[in-house]
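Reading through the structure tokens given below for one structure.
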């Protein structure tokens, strides 16, 4: 859906291995994803900003 640099610091909704929504408003992107895929198991995640270390 989006290039890696375009989603840094954003919320994403995953369906399997695919990013189906992304943005700054977690409620909005999740609501949109639920409308498109109502019976699917969706995963929410936040993509770290550049330079963020995850331990």
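In the numbering used here, the protein residues as written are 209 to 263.
Cβ coordinates follow ideal geometry from the N, Cα and C atoms, glycine included.
Treat the numbers as computed from the prediction; the structure is a model and nothing was measured.
Contact annotation, residue 237 with residue 227: C-beta distance approximately 10 angstroms; criterion of less than 8 angstroms not satisfied. Per DSSP, reduced to three states, the secondary structure at residue 237 is helical.
Contact check for residue 232 and residue 218: beta-carbon distance about 6 angstroms, within the 8 angstroms limit, so the pair qualifies. Close CB contacts of residue 245 within its chain, under the 8 angstroms cut and outside five residues either way in sequence, are with 223 and 228 (chain order). Membership of residue 229 in the beta strand (DSSP E) is indicated by the continuous run 226–231.
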